[in-house]
Each structure stands twice: as C-alpha cells, then as structure tokens.
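So the structure is just underneath, and the comments pick up after that.
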Amino acid sequence: MSDRSSTEALIRQLAAAPAPVAFRPAVALSATVVLVGFVLVLFLQVFGLRADLVGAWAALPAQAKTLLPLALSVLAGWLALRMSRPEGQGALWPLAIPAGLALAMVLQRLTVAEGPLLVELVGQTAMACLVSISVLSALPLAAGVILLRRGATTRPRVTGALLGLAVASAMTAGYALHCPEDSPLFFVTWYGLGILIVTGIGAALGHRFLRW
Amino acid sequence: MEARLQQDEVWETLLARANDGDGAAFARFLHLVTPTLRAVIRRRGDGLPPDQHEDVLQEVLLAIHLKRQTWRRESPVRPWLYALARYKVVDAFRRRGRAVSLPIEDFADVLPEEHVTPPLSDRDAEVMLGLIDSRSAILVRAVALDGKTAEEAGAAVGLTAGAARVALHRAMRRLSGVAERMMK
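Keeping their order, the protein sequence lines are chains F and G. Counted the way the working numbering counts, the first sequence spans residues 6 to 217. Counted the way the working numbering counts, the second sequence spans residues 27 to 210.
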C-alpha cells in the first residue's frame, strides 16, 4: 500500500547507499576451479592413482571415463556462469553430447555381449565411487553457490543444478584416475548416478540460496 | 528508433557512473526507468489490486540497486534491466498471488465488513456498479450505500452470511480496480 512519494523517498535512499560489491564471474570461476583441484590432489595423494594407469590409458574406456566427465564439467560450468546474470541464457542441449557418447559406449559394450554383464555392472567399488564423488563435491559446490549469490540468475534451480553438474563431473574425471574399473557398464552407471545426485543437490541449493 | 537508442545511451552512461559511486547518477537512472517499470507492472498486474503495484515497483527498484553490479558496462542495459524486472515482477506477483488465492472463506469471520462508502459521488457509484455483475451490485448497494449488514444483504439474494461477505469482498476489489481505471 505504498504511494508515489514513498517511492521517491526510496530512490533517494538507494542513491545515497554505497554501491554493492562487484560481481566478478572470473573470480568465482577461478576460486571454484582452484578448490576443485585442491580437493582432488588431496584425494589422489591419500588414495593414490590406480597402479596400472599408464598401461590402461591406451584403452578407449579408460580415456573416456576421464575425458567425458571433463567435457561435461567445462560445458556445465560455462553455462552456469552465463546464467548467473539476469539476461544470460544458454541452451542446455550441448550437455546431451557427452551424455550421449557415454550411453553409446554402454550400447556398444552390450552388443558384444559376452561374459557376465551383471557382474560387470555391479563391479567391486560402486559404493566407494558414489561416496567419493558426492563427498569430494560437497565443499566446492558450497563455495560455488556462495560465490554465485553475488550474481543474479533468473533461473536459480537450473543454475544450481549446472553448478552441481560441473563440480561433480570434474571430481569424477579426477576420481576416474584412481578407479580401476574400466567397463562402460560400471562407470557410466555409477559415475552417472553420483553426478546426478550432486546435480540434484545443486538444484535444491540453487532453489534455496540463489533466489534474490 | 533513434530516440530510443539515445535514451539507452543515457541509461548506460548513468548506470556506469552510478556503479562507480555517483549517487546522483543512480537517482537519475532510477527516475528515468520508473515509468517503463510502471508500465511493465501494470501490464502484468491483472489479478493484483492496483494499490499494490507501487509496492512491486519498489521491490524492483530495490533489486536494481542490489544487483546493479551484475550489469556489464560493455553490454546494452535494456535486456539486463528487462530480465531483472521480469524476474522480480513475476516473483512479487507469485508471492502475493499465493496469499490472495488462499480460500477466503477461512477469513470470513475476521474480515471487517466493508461498510465504507467509496469516496465518490453517488452518480459515480451507480456508474461503477453498472460495470460489475448484478448480484454483486445488489450486495454492494445494500451494504455500502444503504447501510445494511452483510447478513441482511446476503439473505435478499439467497446467500449465507459467509458467502455474502466473500462475494462482497470480491466485488469491492473489482470495484477498486474499476475506480483506479476511471481516475486515470
């Protein structure tokens, strides 16, 4: 029930207020990337790279399980930053490219069906994989959300989800250097699930903390 | 078109100076964009009593202040401003909309009966009553102009006391919208 004179007063008040802190996406980006790198290095220091990394790297699945999440991370991170300004919009479909490639690897593995598929799918380290991806992502995701609060996204939930996707994919790319399981059935399923969990958490955080 | 481009340039210069700490420039910027914002709010404002439009405007102005650093000076100001305003306006209406669309029957007992005659002459009142549906008009005339209670007025058109008060409340809201338009 305000009237125009109180609007005048508000304008005078706002003009007298100090300008708010600047929003610098480059700073937000580098801070999050540094944090992701720090957490990953710490993880690999403690748990180690897989013993056969050099030998395994020659095979396509071993490359894919690091490079596909990395591509996903770069895309999602770029989109999250774009959307952190009111006028920033971005198409989400490019995210389907790495995801589609991962699914193609699963299909390709299924067409040469031999050996016990279920054993491959369940693997040996599924729980370790899920827990690692989520726990490693927690700190950088929280930091990213705090940094993006200075921005002004008009799609808080999507932006939060993209941030979660970017962080979790980056963590997955690093975790894959530790993980000894190379079947696409295993890593697409469990990495994918881990990434989805963190993406969902990101969406919830975005809905809660990126609104303004 | 050219005038608009010039206007945009003025807006951009002012906002850039405002972000460098020039308060007077910021006040001028807010003054210049206010008519545009009022128009946006009015266009989206069906269903919200016009007396709340100014509140929404103030929320948008505050948001412009809080988020003004998210504008990049090398980019045009209009898309930034419109996106920000659309977000805040939709948000403001949604929050109020939720409050307004609560079943009003729950409040029937605490809502004051509206005995107040609108500050208009009887002739204006009759013109306005002609613009709403006849049952509501009967209710409003009985209560606001003839001084009857909502119960009596409701009984005359076959409504319970609660329903009559609800209908009356809605009618008054519609009438205040009509009044707003007539006074422009």
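For glycine and all other residues, C-beta sits at the position ideal for the given N, C-alpha and C. No experiment lies behind these values; they were computed from the predicted model shown.
Within chain G, the residues that residue i reaches when beta carbons sit closer than 7 angstroms
| i | result |
| --- | --- |
| D8(F) | E80 |
| A21(F) | G49 |
Closest residue to residue i among the options (Cα-Cα distance)
| i | options | result |
| --- | --- | --- |
| V66(G) | L107(G), D48(G), R99(G) and L41(G) | L107(G) |
| A133(F) | V46(F), P30(F), C184(F) and E119(F) | C184(F) |
| A67(F) | D187(F), A208(F) and L215(F) | D187(F) |
| L194(G) | L31(G), V169(G) and A109(G) | V169(G) |
| A104(F) | A22(F), I200(F), V140(F) and A208(F) | I200(F) |
| V38(F) | V163(F), G165(F) and L146(F) | L146(F) |
| A173(F) | G149(F), P189(F) and R160(F) | G149(F) |
| Q32(G) | Q95(G), P102(G) and L63(G) | P102(G) |
| L100(F) | G93(F), A85(F) and Q113(F) | A85(F) |
| L152(F) | S7(F), A209(F), A33(F) and L19(F) | A33(F) |
| A69(F) | V163(F), L108(F), L198(F) and S139(F) | L108(F) |
| G123(G) | G71(G), M154(G) and G156(G) | G71(G) |
| E13(F) | L185(G), V36(G) and L83(G) | L83(G) |
| V59(G) | V36(G), D48(G), L74(G) and D81(G) | V36(G) |
| R68(G) | A118(G), A50(G), R99(G) and A51(G) | A118(G) |
| R55(F) | T71(F), A31(F) and L106(F) | T71(F) |
Chain-ordered chain F contacts of residue i [CB-CB under 8 angstroms]
| i | result |
| --- | --- |
| H57(G) | I16 |
| P105(G) | E92 |
| H91(G) | L19, A22 and P25 |
Proximal residues of chain F, C-beta to C-beta of residue i below 7 angstroms
| i | result |
| --- | --- |
| T96(G) | F28, R90, P91, G156 and A157 |
| L110(G) | P91 and A157 |
Interface flag, residue i vs chain B, CB-CB below 8 angstroms
| i | result |
| --- | --- |
| F52(G) | Among the protein chains of the structure shown, namely F and G, there is no chain B. |
Anticipated Cβ contact below 8 angstroms, residue i with residue j, distance rounded
| i | j | result |
| --- | --- | --- |
| G82(F) | A171(F) | 4 angstroms |
| A22(F) | H91(G) | 7 angstroms |
| R216(F) | P161(F) | 5 angstroms |
| A18(G) | L110(G) | Since the displayed chain G opens at 27 and closes at 210, residue 18(G) lies outside it and no answer follows. |
| P76(G) | G188(G) | Wrong, their Cβ atoms sit about 27 angstroms apart, outside the cutoff. |
| D34(G) | R104(G) | 6 angstroms |
| R200(G) | I158(G) | 6 angstroms |
| L49(F) | L182(F) | 7 angstroms |
Contacts of residue i in chain G (Cβ-Cβ under 8 angstroms)
| i | result |
| --- | --- |
| T12(F) | T60, E80, L83, Q84 and L87 |
Check your understanding: Do the region 121-134 of chain F and the region 204-215 of chain F make contact, defined as three or more Cβ pairs closer than 8 angstroms?
Key -> no
Review point. What beta strand (DSSP E) runs, 3 residues minimum, are completely inside the region 26-50 of chain F?
Key: Fully enclosed beta strand (DSSP E) runs of 3 or longer: not present.
Review point. Looking at C-beta atoms only, is the number of pairs between the region 187-195 of chain F and the region 147-158 of chain F that lie closer than 8 angstroms three or more?
Key: no
**Study point:** Stretch-stretch touch, CB-based, cutoff 8 angstroms, three pairs: the region 64-81 of chain F with the region 162-179 of chain F
**Key:** yes
Check your understanding: Can we say the region 54-62 of chain G touches the region 36-46 of chain G, given the rule of at least three CB pairs closer than 8 angstroms?
Key -> yes
**Study point:** Any alpha helix (DSSP H) of 4 or more consecutive residues that is wholly inside the region 73-97 of chain G
**Key:** 79-92
**Study point:** Sequence ranges, alpha helix (DSSP H) only - wholly within the region 113-186 of chain F, length at least 4
**Key:** Segments of the alpha helix (DSSP H) lying fully in the region 113-186 of chain F: 122-127, 131-153 and 161-180.
Exercise for review: Report yes or no: do the region 79-95 of chain F and the region 161-168 of chain F share at least 3 C-beta pairs separated by less than 8 angstroms?
Suggested key: yes
Check your understanding: Taking three-plus beta-carbon pairs below 8 angstroms as touching, is the region 178-191 of chain G in contact with the region 158-165 of chain G?
Key -> By the criterion of at least three beta-carbon pairs nearer than 8 angstroms, the region 178-191 of chain G is in contact with the region 158-165 of chain G.
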